[in-house]
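Note sheet for the following structure.
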Amino acid sequence: MRRLPYLWTFLFLALAILLSIAIGSVFIPPADLWRILTGWLSAAPLPESLKTFAFIIASIRLPRTVLILLTGAALGGSGAAYQGLFRNPLADPYLIGVASGAGLGAAAAMSIQWPYTFWGLLAVPVVGFLAALLTVLLVYSLARVGKTVPTTNLILAGVAFSAFATSLTSFLMLRSTGELRRAFAFLLGGFTQAGWNPVLTILPFLAIGLGFLVLSGHALNLLQFGDDQAQQLGLPVTRTKTLILVAASLATAAAVSFSGIIGFIGLIVPHVMRLWWGVDYRRLLPLSIIGGAGALLLADVLARVVMAPQELPVGIVTALVGAPFFLWVLRRAKNQGYW
Amino acid sequence: MLKVEKLSVSYGQRRVLHDVSLEVNSGEVLALIGPNGAGKSTLVRAASGVIPLLGGTIRTNGDDLAALPPMRRARYLAVVPQAVSLPPAFTAWETVLMGRTPYLNFLGQTSASDEDLVRRALQRVEALELAERRVGELSGGEQQRVLLARALAQSTPILLLDEPTAHLDLQHQVSLMEMVRQLAHRDGLAVLIALHDLNLAARYADRVALLVAGEIKASGTPRQVLTPDLISAAYHLPVQVIQHPFADAPLVLPGAAKPPRS
Amino acid sequence: MFRKLLFALLIVTLFLAACGPSVTATPAPAATQPPATEPPAATLPPTAAPIVLTDGLGRTVTLTGPAQRVVSLAPSNTEILFAVGAGAQVVGRDESSDYPAEAAALPTVGGWSGFSAEAIVALQPDLVLAGGINPPELVASLEQLGLTVYLLPNPVTLEEMYTNLQTVGTLTGHEAEATVLAESLKARVAVVGLKIAALTERPTVFYEFDATDPAKPYTYGPGTFGDLLIQRAGGTNIGAQLQGQWVQISLEQLVVVNPDMILLGDSAYGETPEKVTTRPGWEVLAAVKEGKIYPFDDDLVSRPGPRLVDGLEALAKLLHPELFK
């Protein structure tokens, strides 16, 4: 298991995708599922009895699976990038305020009655996305000292702003009790919009953000030695850090805008990958992306099943499962000195 | 060679280096000494481009280093920092391989010749057997040697060392200084080493520069700079300088001379 | 790290607390049984022409004929469907739809924490009846899956509620029964109105629907049916002066106002008159001293359906027992 990391991680993802398609609040017998899938592959028409199931799989489960896959990939990848950038094992994609900014934006957008049009329905995710990016920009400017952006400043500014944004969000939520439940659901994380629209909307941002991160493995390795040494070894430190920050924030903001705040994936998946397959970021980043996709899929399957037909917000599942899992990982890690 | 002319650096309002000028030729070791806070580390950091200059130039054979982007500058000048807070999980091999960065693309793809250089660098510092060990498991002396190997892998004509012996015990101090001297005398590097230990400077440096409160107070051979007057004034402590018992170098002893009995 | 764990624990606790009573508790009975709103027995044949209506989101909704398989996403919608005689046409409901009793037998498709599009699709409905409490994203998602969705807007007045009855009647082919129902409700409301018209005294009422913090309980403000019905039942809602629809009032304010009567809309969550008398600081209230604390079925004033009239009558009986036997 120590070798072939990509093989194992892809297998994990494939299994998660299969489960996500096969399991839902409506029970589809495995035999029927098999017949539907083989029917599609052979382009043969499906019997009438299977039409409803086929519809559920194609129009509900498939787009949802892809959306979750992308979200998990974004969280895993940017989590690994943030941990590398800040050299802090507790770093997660929300460290410098993306989550709190998106939450504030979404809560504010939810207190307005948008018209029921294509753009009106996109209002909440779009406002959330823009608010998330604005937050990162604000935190970055606050943290800048001359031409450099010291890591400590970023963390401090991020934490301070997050506290501010979170309390403002709570205030907004209390004021508009009608939308309280909706805003709360966003903050807990979940997938409310069905169909392919969310996927198509976030795909370009994820492609750019995650694409750049995958190429930044070597740069992140260098940054582990500190800004000084990285610069002395030839890395243009400030420019690289800024680009990595932008790429990771772009991916996270896009993911959060449709999925709400889902925690622990960005924190735990990179740690697990590091524990099993080492700290080289050239490998850690792609593995965290694939692993994050699979982990979130599994969490979502649980969220769908535990209280069917009601859906538990995914953020609760990741927290409940993630916290003890993280403690276990931490105990293993302490003995290995792998950080 | 490295030529620093009228270098000035400030941290905010506070001026830390005032018109510092010095020169290190290929094949020689220049030791930079001075009390804590004199600006030795700052000078090393400024020369390597980590902090911005207020004024002055840093040149090598006519090329202005300060104007170069980090990648290009790193092909001229390599730095060996103190071995503290190194990422513990990289192996010695991986760490030294980082030294090849100035010659690699953004993805960090290496070739057989890069690996060859890494192997030779590790051999040079007698650390090849540590190659697969995690840096976090190595001793201070071993870590320092790995950092030296990394700087060597960078294949630069100029080498800067920032108090590399600070946390090492005696035998590692000596072996490191021996290696450093060989790198200059045998391999022709221009070596600038910031040291707090005056006697190591005396024994292993060809020339010495005394930095006090951001200014060069004296520079020349060890005998010329390590005099009781200069050192006492710089360190605010009476010192005696005698001839080293078995090396051709002065020996600095802190404390005032006792008048002879009788 | 601990912060995250604590947060997670908090969420779990909140979640468990929230989902408990609403599903399992049976509300305490009101003082007397309100008259049952039974629709007339006749079922009329479905109309042949297509039905085109504009819903609460401004969407044009078209049905080829009256809906035969309806999924209801709000408890008030379920009540209305059964009340106009379309109960047999309902094939699915949300978790909180617990009235009438026949509704409980229907399969559920989700609830406050989200709906399962799959479960809805699996029931093959020809109409999904959403309510004001469902977010527009849900309507959009279901619409994209090819389902016909009609969002019944939240009424603010009784007239708007009657309109909703008519709308549901049209959608399900029970227009005549809906009309009959609306007329009978209007008649009952008129009766109450007549009886209280001559009143000179209107008791002040504090209606409590959440007392998690007994020093700052929640009550109905202006714009809610709770407020409206208390007025129409011949009372004065002390919440009417406050800002907002679901508002907190401090114990101090309560003491100053000193309501004549306290109604416990949160009796379904375990609040009882005895418990109220033990709350620190509440003993000075006149209503507490005279024992004028009454449990009340909150569904009768919070679900915007025909039972609002039941609620009106229940309130009138509590406020003016001598007028309403």
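Residue numbers (my numbering), protein chains in the order written: chain A, 15 to 353; chain B, 32 to 293; chain C, 37 to 361. Note that CB positions come from ideal geometry on N, CA and C, so glycine has one too. Quick caveat: nothing in here was measured; it's all calculated off a predicted structure.
Exercise for the section: Go ahead and pull the three-state DSSP assignment for residue 210 of chain B. Expected result: Position 179 of the second sequence, counted from the first residue, corresponds to residue 210 of chain B. Helix, per DSSP.
Practice task
May I have the straight-line CA-CA distance separating residue 154 of chain C from residue 74 of chain A, to the nearest angstrom?
Solution key: Numbered from 1 along the third sequence, position 118 holds the residue referred to as residue 154 of chain C. Numbered from 1 along the first sequence, position 60 holds the residue referred to as residue 74 of chain A. So the two alpha carbons sit approximately 7 Å from each other.
Practice task
Indicate whether residue 281 of chain C and residue 243 of chain C have their beta-carbon atoms separated by less than 9 Å.
Solution key: Mapped onto the third sequence, residue 281 of chain C falls at position 245. Mapped onto the third sequence, residue 243 of chain C falls at position 207. No, they are not a contact pair.
Exercise for the section: Closer than 8 Å by beta-carbon distance: list the chain B residues that pair up with residue 211 of chain A, in chain order. Expected result: Here residue 211 of chain A refers to the residue found at position 197 when the first sequence is read from its first residue. None at all; the shortest Cβ gap to chain B is about 35 Å.
Problem - Same chain, Cβ closer than 6 Å to residue 128 of chain B, neighbours up to 5 away in sequence not counted - result: Within the second sequence, the letter at position 97 stands for residue 128 of chain B. Same-chain partners within the cutoff: 149.
Handout entry: Which of helix, strand or coil DSSP assigns to residue 308 of chain A
Key = Position 294 of the first sequence, counting from 1, holds the residue named residue 308 of chain A. Here residue 308 of chain A sits in helix by DSSP.
Practice task
Express the C-alpha separation of residue 211 of chain C and residue 205 of chain C in angstroms, rounding to a whole number.
Solution key: Numbered from its first residue, the third sequence carries residue 205 of chain C at position 169. Numbered from its first residue, the third sequence carries residue 211 of chain C at position 175. Cα-Cα distance, rounded: 4 Å.
Handout entry: Residue environment, residue 267 of chain B, which counts as buried when at least 16 other CB atoms sit within 10 Å
Key = To locate residue 267 of chain B, count along the second sequence from 1; it is residue 236. When all chains shown are included, residue 267 of chain B counts as exposed.
Exercise for the section: Tell me whether the beta-carbon of residue 214 of chain B lies closer than 9 Å to the beta-carbon of residue 220 of chain B. Expected result: By one-based count along the second sequence, residue 214 of chain B stands at place 183. By one-based count along the second sequence, residue 220 of chain B stands at place 189. Closer than 9 Å, so yes.
Handout entry: Rounded C-alpha distance that separates residue 216 of chain B from residue 59 of chain B
Key = Position 185 of the second sequence, counting from 1, holds the residue named residue 216 of chain B. Position 28 of the second sequence, counting from 1, holds the residue named residue 59 of chain B. C-alpha separation (whole angstroms): 6 Å.
Problem - DSSP three-state assignment for residue 240 of chain C, whether helix, strand or coil - result: The count along the third sequence starts at 1 and reaches residue 240 of chain C at position 204. Strand at residue 240 of chain C.
Practice task
Report the neighbours of residue 132 of chain B on chain A: residues whose CB is nearer than 8 Å to its CB, in chain order.
Solution key: Taking the second sequence and counting its residues from 1, one reaches residue 132 of chain B at position 101. What residue 132 of chain B touches in chain A: 232, 236, 247, 248 and 249.
Problem - Closest Cα partner of residue 97 of chain C within the set C/159, C/182 and C/145 - result: Numbered from its first residue, the third sequence carries residue 97 of chain C at position 61. Residue 97 of chain C has its Cα closest to that of C/182, out of C/159, C/182 and C/145.
Handout entry: Proximity of residue 272 of chain B and residue 257 of chain B at Cβ, strictly below 9 Å
Key = Within the second sequence, the letter at position 241 stands for residue 272 of chain B. Within the second sequence, the letter at position 226 stands for residue 257 of chain B. Their beta carbons are under 9 Å apart, which means residue 272 of chain B touches residue 257 of chain B by this criterion.
Handout entry: The alpha helix (DSSP H) enclosing residue 146 of chain B, as first and last residue numbers
Key = For the purposes of this step, residue 146 of chain B is identified with residue 115 of the second sequence, where counting begins at 1. Note, residue 146 of chain B: alpha helix (DSSP H), 143–155.
Handout entry: Listed by chain order, chain C residues near residue 325 of chain A by CB distance under 9 Å
Key = Looking up residue 325 of chain A in the first sequence gives position 311. Residues of chain C passing the Cβ test: 146, 149, 150, 151 and 152.
Practice task
Specify the secondary structure class of residue 281 of chain B as computed by DSSP and reduced to three states.
Solution key: Numbered from its first residue, the second sequence carries residue 281 of chain B at position 250. Residue state, collapsed to three classes: strand.
Handout entry: Limits of the beta strand (DSSP E) - the one that residue 238 of chain A falls within
Key = Here residue 238 of chain A is taken as the residue at index 224 of the first sequence, counted from 1. From DSSP, residue 238 of chain A is part of no beta strand (DSSP E); its letter is neither H nor E.
Exercise for the section: Answer yes or no: does any C-beta atom of chain C fall closer than 9 Å to that of residue 74 of chain A? Expected result: What you label residue 74 of chain A is simply residue 60 of the first sequence in a count that begins at 1. Residue 74 of chain A counts as touching chain C.
Practice task
Using a Cβ-Cβ cut-off of 9 Å, state whether residue 100 of chain A counts as contacting chain B.
Solution key: As a first step, residue 100 of chain A is located in the first sequence; it is residue number 86 there, counting from the start. False, the Cβ-Cβ gap to chain B never drops below 9 Å.
Exercise for the section: Using a Cβ-Cβ cut-off of 9 Å, state whether residue 196 of chain A counts as contacting chain B. Expected result: Translated into positions along the first sequence, residue 196 of chain A becomes position 182. Not one chain B Cβ lies under 9 Å of residue 196 of chain A.
Exercise for the section: Please classify residue 161 of chain C: is it buried, with 16 or more other beta-carbons within 10 angstroms of its beta-carbon, or exposed? Expected result: Here residue 161 of chain C is taken as the residue at index 125 of the third sequence, counted from 1. The residue is buried, with at least 16 neighbouring Cβ atoms inside 10 Å.
Problem - C-beta atoms of residue 188 of chain B and residue 79 of chain B nearer than 9 Å - result: As a first step, residue 188 of chain B is located in the second sequence; it is residue number 157 there, counting from the start. As a first step, residue 79 of chain B is located in the second sequence; it is residue number 48 there, counting from the start. Not a contact, by the Cβ cut-off of 9 Å.
Practice task
Inspect the beta-carbon positions of residue 84 of chain B and residue 55 of chain B and report whether they are closer than 9 Å.
Solution key: Within the second sequence, the letter at position 53 stands for residue 84 of chain B. Within the second sequence, the letter at position 24 stands for residue 55 of chain B. No.
Problem - Element boundaries [alpha helix (DSSP H), containing residue 111 of chain C] - result: Position 75 of the third sequence, counting from 1, holds the residue named residue 111 of chain C. It spans 111–119 - the alpha helix (DSSP H) in which residue 111 of chain C sits, taken as one unbroken run.
Problem - Nearest-angstrom beta carbon gap, residue 248 of chain A and residue 133 of chain B [assumed within contact, 8 Å] - result: If you number the second sequence from 1, residue 133 of chain B lands on position 102. If you number the first sequence from 1, residue 248 of chain A lands on position 234. That pair is a contact at about 4 Å.
Handout entry: Beta-carbon gap between residue 115 of chain C and residue 132 of chain C smaller than 9 Å
Key = For the purposes of this step, residue 115 of chain C is identified with residue 79 of the third sequence, where counting begins at 1. For the purposes of this step, residue 132 of chain C is identified with residue 96 of the third sequence, where counting begins at 1. No, Cβ-Cβ distance for residue 115 of chain C and residue 132 of chain C is not below 9 Å.
Exercise for the section: Tell me, to the nearest whole angstrom, how far the beta carbon of residue 329 of chain C is from that of residue 312 of chain C; I am working on the premise that it is less than 8 Å. Expected result: Numbered from its first residue, the third sequence carries residue 329 of chain C at position 293. Numbered from its first residue, the third sequence carries residue 312 of chain C at position 276. Indeed they touch by this definition, with Cβ atoms about 5 Å apart.
Problem - Endpoints, alpha helix (DSSP H) assigned at residue 282 of chain A - result: Against the first sequence, residue 282 of chain A aligns to sequence position 268. Per DSSP, residue 282 of chain A belongs to the alpha helix (DSSP H) from 279–291.
Problem - Short Cβ contact (9 Å threshold) for residue 94 of chain C with residue 200 of chain C - result: What you label residue 94 of chain C is simply residue 58 of the third sequence in a count that begins at 1. What you label residue 200 of chain C is simply residue 164 of the third sequence in a count that begins at 1. Contact flag unset, no.
Practice task
Using a Cβ cut-off of 7 Å, pull out every chain A residue sitting near residue 94 of chain C, in sequence order please.
Solution key: As a position in the third sequence, residue 94 of chain C is number 58, starting the count at 1. Simply 130.
Problem - Start and end residues, alpha helix (DSSP H) containing residue 44 of chain B - result: As a first step, residue 44 of chain B must be located in the second sequence, where it is residue number 13. Segment: none, residue 44 of chain B is in no alpha helix (DSSP H) and carries neither H nor E.
Problem - Selected residue, minimal CA-CA separation from residue 228 of chain A, among A/273, A/172, A/87 and A/28 - result: As a working note, residue 228 of chain A is residue 214 in the first sequence. Among A/273, A/172, A/87 and A/28, the Cα nearest to that of residue 228 of chain A is on A/87.
Problem - C-beta contact flag for residue 68 of chain A and residue 82 of chain A at 9 Å - result: For this step, residue 68 of chain A is matched to residue 54 along the first sequence. For this step, residue 82 of chain A is matched to residue 68 along the first sequence. Cβ atoms of residue 68 of chain A and residue 82 of chain A: not closer than 9 Å.
Practice task
Tell me, please, whether the CB atom of residue 229 of chain A is closer than 9 Å to any CB atom in chain B?
Solution key: Counted from its first residue, the first sequence places residue 229 of chain A at position 215. Yes, residue 229 of chain A counts as interfacial toward chain B.
Exercise for the section: Check whether the Cβ of residue 280 of chain C lies closer than 9 Å to any Cβ atom in chain A. Expected result: Within the third sequence, the letter at position 244 stands for residue 280 of chain C. Yes, its Cβ sits closer than 9 Å to a Cβ of chain A.
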